[in-house]
Structure formats: C-alpha cells, structure tokens
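4 protein chains.
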Amino acid sequence: MPKKIDKKEKKIKILEASIRVFAKKGLHNTKISDIAEAADIGKGTIYEYYRSKNEIFAASFHFFLEKVDGVISKRLYRISDPLEKLLAYSSAWAEIFEGDYLEYVTIVLDFWAESIRDNREATALNLAKIYDENRKIVKSLLEDCITKDKTPSVDTKIAASILIGSLEGLFIQWILDRSAFDYKEATELSTKIIIDGLKKGD
Amino acid sequence: MPKKIDKKEKKIKILEASIRVFAKKGLHNTKISDIAEAADIGKGTIYEYYRSKNEIFAASFHFFLEKVDGVISKRLYRISDPLEKLLAYSSAWAEIFEGDYLEYVTIVLDFWAESIRDNREATALNLAKIYDENRKIVKSLLEDCITKDKTPSVDTKIAASILIGSLEGLFIQWILDRSAFDYKEATELSTKIIIDGLKKGD
Amino acid sequence: MPKKIDKKEKKIKILEASIRVFAKKGLHNTKISDIAEAADIGKGTIYEYYRSKNEIFAASFHFFLEKVDGVISKRLYRISDPLEKLLAYSSAWAEIFEGDYLEYVTIVLDFWAESIRDNREATALNLAKIYDENRKIVKSLLEDCITKDKTPSVDTKIAASILIGSLEGLFIQWILDRSAFDYKEATELSTKIIIDGLKKGD
Amino acid sequence: MPKKIDKKEKKIKILEASIRVFAKKGLHNTKISDIAEAADIGKGTIYEYYRSKNEIFAASFHFFLEKVDGVISKRLYRISDPLEKLLAYSSAWAEIFEGDYLEYVTIVLDFWAESIRDNREATALNLAKIYDENRKIVKSLLEDCITKDKTPSVDTKIAASILIGSLEGLFIQWILDRSAFDYKEATELSTKIIIDGLKKGD
DNA sequence: CATGAATGAGATTTCATTCAT
DNA sequence: CATGAATGAAATCTCATTCAT
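Note that the protein sequences, when read in sequence, are chains A, B, C and D.
Mapping of the first sequence onto our numbering: residues 114 to 315, in sequence order.
Mapping of the second sequence onto our numbering: residues 114 to 315, in sequence order.
Mapping of the third sequence onto our numbering: residues 114 to 315, in sequence order.
Mapping of the fourth sequence onto our numbering: residues 114 to 315, in sequence order.
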C-alpha cells in the first residue's frame, strides 16, 4: 500500500516545514500560508493532512520531542559509566541546538508557553508528563553516580529537577545572548558542580 | 472643568488589569476588549493611555520586573552574610510567585518568548541586559561565599549563570506541575548544592 | 449685552481656526481636536458653539465666501469702466489667494467636492446658487463691455460661464503647480482674450 | 485544481465597482464593504487584489485617466484640420461624461482634492504632470490654429492653460447645475471664443 | 461656561478555513 | 488528491460626541 506511505511522508514534510517557520516567527505570527510555502505545497493541501493550525503545532511539538529523544538515547546507549552517562545527557541538548537544529532553538519557548496555557491533563501539549519522565531518568542516573559510595542525604528527585532545571535555565540565557557563555561547556560544568555538591552534602 | 484625573494612576490600573489577563490568556489570545473589561473601562479609553497592545505588553513587562526588583532588594537589604544573601536571592522568586503574584506566574513565559523573538538591542523587551545584570550580582555574591577560604577554581560568571539557570529551570517545571516539588525548598537546596559543588571542586 | 458679542466672537475664532486646519488637512482628515487645538480651546467647548463637525464645515464655507465677497465688492466698488471692472473681478481671486489667504487655497477643492456630493436644494453647501449669482454679475459686466458698440452675437450667459470657468480652471492648475504660470497674469489675460473673442465673433 | 482566475479581469471588476461607489459617495464616505458589495464579492476578497483603500483609489484614478485618454486619442486620430482637432478635444470631455461615464462625473472632484493634498512628486496621484502634458498638446494645437497667418502675440503656453481651464471650470459649474447650460455647446463656444480672442490680439 | 476624560459605533484589515474545480 | 480563490468572523484602532465636574 504505497498510498499510506506517501501520506505519512507528506505529513512529515509539512511538519518539518512548520517547525522551521514556527521557530522563526513563533506560533501566533505564523500563517498557514507560510507553512504551505515552506513545504512547497498549496495552502489547501495542508488541510488534507491536518485538521487545524493547532494540530500542526501539537504535532510539530511531538515530532521535535521525538527527534530529541532519539538523539539522547543514541548518545546514552553505549555509555555504561553513570557519570559519563549523566554528562552525555547534559550536553545532549547543547549538541542538538548547536548542530542541525540550531535554527529551531526558539520554538522551545513557544512550546513551553503554550503548554503552560493549555495545562490540562491529557492534552496534546502535556509537558508535565515529559518532565516527569526525564526527572525519573536523571534521578536514576544521579543515584548511580552518588551511591557508589553511600546513600545520598538529599532527595534525589529534587536533585534531578535541579539538574534538569539548570540545563534549561542556561538554555534560556544562552538563547537571549549567545555570547554570554559557551552552552556546552556550561551544561557540563553545571552537571559536575551539582554532582560534587550532592556528594559533599554528606 | 472635567474631573482631574491622575493619568499615572490610571495607567497603572490598566497595567494591572492587563497583567491579570495576559497571565490568564497569554499575549496573543488577549484582546484589547478583554483588558478594557478587566480594567472596567471602555475599549477606547485604553487608547487614551497606551498607543497599542504591544506597548501595553512592554509596559506590563517592565512593571512586573520593577515589582520583582523591589521585592528582591527589600529582601537582600539587611542581610550581610553572603550565603544568607544568596539563599534569600534564590528564594525571592519563590516568595514572589507563592505570594501576591501567584496568578501572574504564567506571564513570565510570554515575556521570555517575546523577548527572544524581539531580540534586537535597544528594544523594549530586552531581557539579555537584565540577565547580564543579574549574573553580575550573583557572581559577586558567589565569590563572597566561596573565597572566604580560597580562590575558586571555576569561572564564577558561568557559575552565576548556572545558579540563575537552575532557579528558572525549576520555575518552569514547577509551573507545569506544582505537585512535582516545593518550589521554595527546591531553590534553596539548589543554591546550597551549587555552592557546595563549587567549594568541592578545589 | 456683552455675552452675545462674546459668543459671536468665539464662534468666529473657532471658524478661523477650522478654516486653517481644513485647508491644511482637508475635511475628512481634520479631527475636532485639531480644530480645538488650533483655536486654543477645549475640545468640548467646540460643541457649545457648533452642533457638529459638518456644521463647522458649512459655517467655514460661508465665512470664507463672505470674505471673498467682501474683497470683490471692495475692489469693484469704485471702478466705473466696465472692462476695468471685469479685469478687477478676474484678478480678485488671484489677489485673495496670493495675499492673506494663500494658505487657505486648498480648502476650495473640498468645498467643491462636498457641495457636489451634497447637491440638494436648500442645503448649507449650495454652491449652485452662488455660481448663478456670479454668472449674473459677470453677464452684466460682459454686456456692458461688449455692447458699447453693438449687440453681442453670442449668449452672454454662457459667455459669463466661460469666463468664470476659465478663472477657476486656471486656479486648479495653478494650485497643482504654482510654477506653471503666474496666476494673476493668467486671469487677466484670460479675461482680455475672452472679451476680444466675443467682440470678434460679430 | 481551483478555478483558474484571470486576476487582471477581477482587478478591473473591482475597479469598476469602486469607481461607481466613489462617484456616488466620495472617497471618504466609501467603505471597503461598499465596494465589495458593489462588486458582488466578499469584503476579504478585495484584499486579495489590492492592499488598501487608497491603493484602490489611486488605481481607479489611473483607470479613469486611461479611459479618458483613450476616448480623446480616438477622437483626434483622424482629424487633420487644427481647428477641428481643437474643437474635438474640447468637446471630448463633454462626450465622455454625457455618454457612458455620466455616473462617474463626481469622482473627478475627489481626484483633484486628493491630488492637491498629496502633491508630492512621484506620487500615485500626480495630476500636475498630466496637466503639463495636456498643456503641451493644446499649446501645439493652438499654435497650428493661429499661426497659419502670423505669429501669435500672446504666450501660447498660458493660452493653453486658459483653454483647458475654461473647459474644466465649465465642467464644475455644469456638475453643480446641469440646467445652467449645455456642456458640449459651452465647451465648443469657449474654444472658438478663445481662438478668436487670440487672433484678434494681434 | 469650559473642559477633557470616557466612550462605543464603526472602519480597516488579517487569516484560518472551506470548497468548487 | 491538490489547489488557491473566496470568505467573514474577529481583531485593532480612530474619533465625533457626550457629560460629570
């Protein structure tokens, strides 16, 4: 059934175009016609594949997250040392945005803003769940790092939140002023400092 | 003679209404008529005080920052111990949002998003400058904390970025899911961990 | 009753201001607040003296026409030679616009445009009547000029229309490009040529 | 594939509708929705073809001028006798407005008024240039008429202005009161009188 | 009387979505 | 399927007029 495949391919084509445009202009300043133009198809054709602009936004959101997930998994896959794994996790975002996705940087803020506005359970933009998953992953990695020696004295769930938070907080500052610091360096340093801090707390 | 009106007071009245609405609906979903209604005045009256919706948004941005600045200065004012000062700084945001400004929480994301989109020098929404100032303050506080004993081995400017980043990254997670952790506790813990980490790094 | 006089004076003050503004911006681009500012009074005060913007426009129209009438009568008053009288009539407009009323030039077009749109009998802007009166005056002057010798072979009513028409047609061209010709010279020449033409026609 | 639409044809359709409405109501009292209704299309459709109301007005101005130009050229084309040519020129406008374009008469005043207000070089409504061209044409025709015999004693450039002026001045009077005289007859008479006057001046 | 703050009707313009071809 | 012409709901903004002081 070649038709089915074509359909999926075209959806992705539209998605990639939409991410490019959303990133440059933001959700609300992006017109359907902009996306159509970027995807090099007719304006009406969009509606053969997506029901509305919001649906495209939600889809591009997930498309983006999947890409990110893919990059992260691939990076963590082979590493076994917990510290190395954590450092790889930390610098993954830096690598993503400094690499192929450089131009998509600004879309993340829109995802955040819309997610918060649309914060009901079971919505297409539910970021809370994603953060929760990430906290679990990082929590586990952190525990592996620290408890080689002894039980940590601080709540590793909060610690995970702090580590993730620092990565994203740095990200915001870096987007606003890319000359403020080197993002990759900062994320790695942050991770090291936090791990050291957790160990010392004993 | 018509009623003598305090223009400044009315501008603030409109601003407070606009912040309330922006916070609930976001910049792009907020209509001028929403603001007018919230301020309990006519639609046309808005334009006696502000030239456009964007001007209101920029003004509410600064109004908000000034409030925050005020709260922070007041908290740091009397404290002399550097560590205490840093902890006070860290928990100031928590206090702001958990107190009177609870409902204004979500507007911050819009500020970020719009600022990034409108990232030219000398624009009304220039956040880069504000972050730079904050980094300088925190850098100085950090140095006071650590160098009591010896020279720090890491770049304190990046360290300041990391600390601020963690506070804001935690903020985002907390907005998305307020049950994930206690925000105030998390910010204080984060500050302690980072200071410990910086000390241990030697 | 000094109140009465004050009232009239203020109406005139408003009128003079309105003519100045209408002349510069045109009827539709003139705001009531512009007139108030030009008259150096409050916006609401205008409505103590005039019921609406259109009423002001109509009043300024008549005020202007009266001024013109005054200038013309004064010029024709002492002259007895019919040709001289006609030449004086012809150059009167030139004198008006090249003198004190230079800046008011453009308002005339608005008067025309609005008059045509509002072309009902008995309306405040009825220009048809005014033209009719002028045609009668010029017709009579023309007859005095020509029939010194013999009866004219052409309809002097149409001839009067032609003469008046040429003065105003020249006026439009002159407003559009004041370097095209000297208006006063052109009006006088026009009158001479037309009189000559009427005489020759025999 | 959607209906293949001739964009140019639709622009003209809109233009013709707009001229009809402008003629009846004037530029400033004409709403976009009036034009849409007259063109029997949706309000939004207008903006697919023109960027703004002013653009439509400017376009209708040129559309109108081209029509007029076309009519005049066609009339003068075959005539070789200079006097006949001049008479044909003079009565062309009469023919235009008494024929198909009768209802469009009043729009001319708006063109004048707006042109004068917007009197910068290189603007869409630059009438000065058009008058200049017309003066040149009439000047040349006049010279052909008069100098058959001898050199004219008056400046033929001003004479051309006078002749054109009389045609348009008559036009204004005629619009205001169509019973005042027969427009076509008046224009021809005017031309004859002026030529006679120019000849006699010797 | 004088005022200018307040207003809302109304105008322009945008754009997501529909649908005839 | 693909398209883009057509649309009207909805948003911003203007300004003549009112009216409390």
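We treat Cβ as the ideally placed atom computed from N, Cα and C, and that holds for glycine.
(1) Report the neighbours of residue 219 of chain D on chain C: residues whose CB is nearer than 9 Å to its CB, in chain order.
(2) Please classify residue 217 of chain B as buried or exposed, where buried requires at least 16 neighbouring CB atoms within 10 angstroms.
(3) Show which residues of chain B have a CB atom less than 7 Å away from the CB atom of residue 280 of chain A.
(4) With burial defined as no fewer than 16 other Cβ atoms inside 10 Å of the residue's Cβ, what is the status of residue 260 of chain C: buried or exposed?
(5) What are the boundary residues of the alpha helix (DSSP H) that includes residue 300 of chain A?
(6) In the DSSP assignment, find the unbroken alpha helix (DSSP H) run with residue 141 of chain C in it and report its ends.
(7) My output table needs one value for residue 278 of chain B: the three-state DSSP class, helix, strand or coil.
(8) Taking C-beta pairs closer than 8 Å, name the residues in chain D that residue 361 of chain C reaches, listed in chain order.
(9) Per DSSP, what kind of secondary structure is residue 321 of chain B in: helix, strand or coil?
(10) Quick one, are the C-beta atoms of residue 300 of chain A and residue 204 of chain A less than 8 Å apart?
(11) Hey, which unbroken runs of the alpha helix (DSSP H) at 4 residues or more fall wholly within the stretch 118 to 169 of chain B?
(12) Could you give the DSSP three-state label for residue 269 of chain A: helix, strand or coil?
(13) Is it the case that the Cβ atoms of residue 282 of chain C and residue 281 of chain D are separated by a distance below 8 Å?
(14) For residue 189 of chain C, which residues from the same chain have a beta carbon less than 7 Å from its beta carbon, with the 5 sequence-adjacent residues on both sides left out?
(15) Answer with buried or exposed for residue 131 of chain B, where buried requires no fewer than 16 other C-beta atoms within 10 angstroms of its C-beta.
(16) If you reduce the DSSP assignment to three classes, tell me which class residue 214 of chain C lands in.
(17) If we count Cβ pairs, one from each stretch, closer than 8 Å, do we get three or more for the stretch 268 to 279 of chain B versus the stretch 249 to 260 of chain B?
(18) What three-state label does DSSP hand residue 232 of chain B in the structure shown?
(19) Would you report the Cα separation of residue 211 of chain D and residue 149 of chain A, rounded to the nearest angstrom?
(20) Which residue from A:184, A:125, A:145, A:147 puts its Cα closest to that of residue 173 of chain A?
(21) Taking beta-carbon pairs under 8 Å, can you tell me which members of the stretch 286 to 298 of chain D lie near chain C?
(22) Would the beta-carbon of residue 307 of chain C fall within 8 Å of that of residue 274 of chain C?
(23) So the candidates are D:170, D:284, D:305; which of them puts its Cα closest to the Cα of residue 142 of chain D?
(24) Closer than 7 Å between beta carbons: that is the criterion. Which residues of the stretch 141 to 154 of chain A meet it against chain B?
(25) To the nearest angstrom, how far is it from the Cα of residue 101 of chain C to the Cα of residue 311 of chain D?
(26) Determine, using beta carbons only, whether residue 209 of chain B and residue 184 of chain B come nearer to each other than 8 Å.
(27) Does residue 238 of chain C have its Cβ less than 8 Å from a Cβ in chain D?
(28) From B:140, B:175, B:154, pick the residue whose C-alpha is nearest to that of residue 238 of chain B; which is it?
(29) Tell me the rounded alpha-carbon separation between residue 178 of chain A and residue 144 of chain B.
(30) Helix, strand or coil: which one does DSSP assign to residue 290 of chain B?
(31) So, does the CB of residue 244 of chain B fall closer than 8 Å to a CB anywhere in chain A?
(32) Taking C-beta to C-beta, are residue 223 of chain B and residue 139 of chain B nearer than 8 Å?
(33) Mapping DSSP to helix, strand and coil, what is residue 248 of chain B?
(34) Under the rule that 16 or more other beta-carbon atoms within 10 Å means buried, what is residue 119 of chain A, buried or exposed?
(35) Please confirm whether residue 228 of chain B and residue 128 of chain A have their CB atoms less than 8 Å apart.
(36) What's the C-alpha gap between residue 193 of chain B and residue 167 of chain B?
From the atom records:
(1) Here the neighbours are 226, 229, 230, 232.
(2) Counting Cβ neighbours within 10 Å, residue 217 of chain B comes out buried, since at least 16 surround it.
(3) 282, listed in chain order.
(4) Its Cβ having fewer than 16 others within 10 Å, residue 260 of chain C is exposed.
(5) Per DSSP, residue 300 of chain A belongs to the alpha helix (DSSP H) from 296 to 313.
(6) That residue, residue 141 of chain C, is in no alpha helix (DSSP H); it is neither H nor E in DSSP.
(7) In this structure, DSSP gives residue 278 of chain B a helical state, which the three-state scheme calls helix.
(8) Nothing about residue 361 of chain C can be read from this structure; chain C reaches only from 114 to 315.
(9) Residue coverage of chain B in this structure runs from 114 to 315, which leaves residue 321 of chain B outside it and unanswerable.
(10) Yes, they are a contact pair.
(11) With a minimum length of 4 residues, the continuous alpha helix (DSSP H) runs that stay inside the stretch 118 to 169 of chain B are 120 to 138, 145 to 152, 156 to 162.
(12) Reduced to three states, the DSSP call for residue 269 of chain A is helix.
(13) In contact: residue 282 of chain C and residue 281 of chain D (Cβ atoms closer than 8 Å).
(14) Result list for residue 189 of chain C: 198, 201, 202, in chain order.
(15) Buried is the call here.
(16) The answer is coil: DSSP assigns residue 214 of chain C none of H, G, I, E or B.
(17) In this structure the stretch 268 to 279 of chain B touches the stretch 249 to 260 of chain B; the number of beta carbon pairs closer than 8 Å is three or more.
(18) In the three-state scheme derived from DSSP, where H, G and I count as helix and E and B as strand, residue 232 of chain B is classed as coil.
(19) Taking C-alpha positions only, residue 211 of chain D is separated from residue 149 of chain A by approximately 51 Å.
(20) For residue 173 of chain A, the nearest C-alpha among the options comes from A:125.
(21) Hits within the stretch, in order: 286, 288, 289, 290, 293, 294, 298.
(22) Using a Cβ distance threshold of 8 Å, residue 307 of chain C and residue 274 of chain C do not count as a contacting pair.
(23) Among D:170, D:284, D:305, the Cα nearest to that of residue 142 of chain D belongs to D:170.
(24) Those would be 141, in chain order.
(25) This structure cannot speak to residue 101 of chain C, because chain C is shown only from 114 to 315.
(26) Residue 209 of chain B places its beta carbon less than 8 Å from that of residue 184 of chain B.
(27) It does not: the Cβ of residue 238 of chain C has no partner Cβ on chain D nearer than 8 Å.
(28) Out of B:140, B:175, B:154, B:175 has the C-alpha closest to the C-alpha of residue 238 of chain B.
(29) In a straight line, the C-alpha of residue 178 of chain A is about 31 Å away from that of residue 144 of chain B.
(30) Here residue 290 of chain B sits in coil by DSSP.
(31) Yes, contact with chain A.
(32) Taking 8 Å as the Cβ cut-off, residue 223 of chain B and residue 139 of chain B qualify as a contacting pair.
(33) The answer is helix: DSSP assigns residue 248 of chain B an H, G or I state.
(34) The C-beta of residue 119 of chain A has fewer than 16 other C-beta atoms within 10 Å across all chains shown, which makes the residue exposed.
(35) For residue 228 of chain B and residue 128 of chain A, no; Cβs fall outside 8 Å.
(36) In a straight line, the C-alpha of residue 193 of chain B is about 41 Å away from that of residue 167 of chain B.
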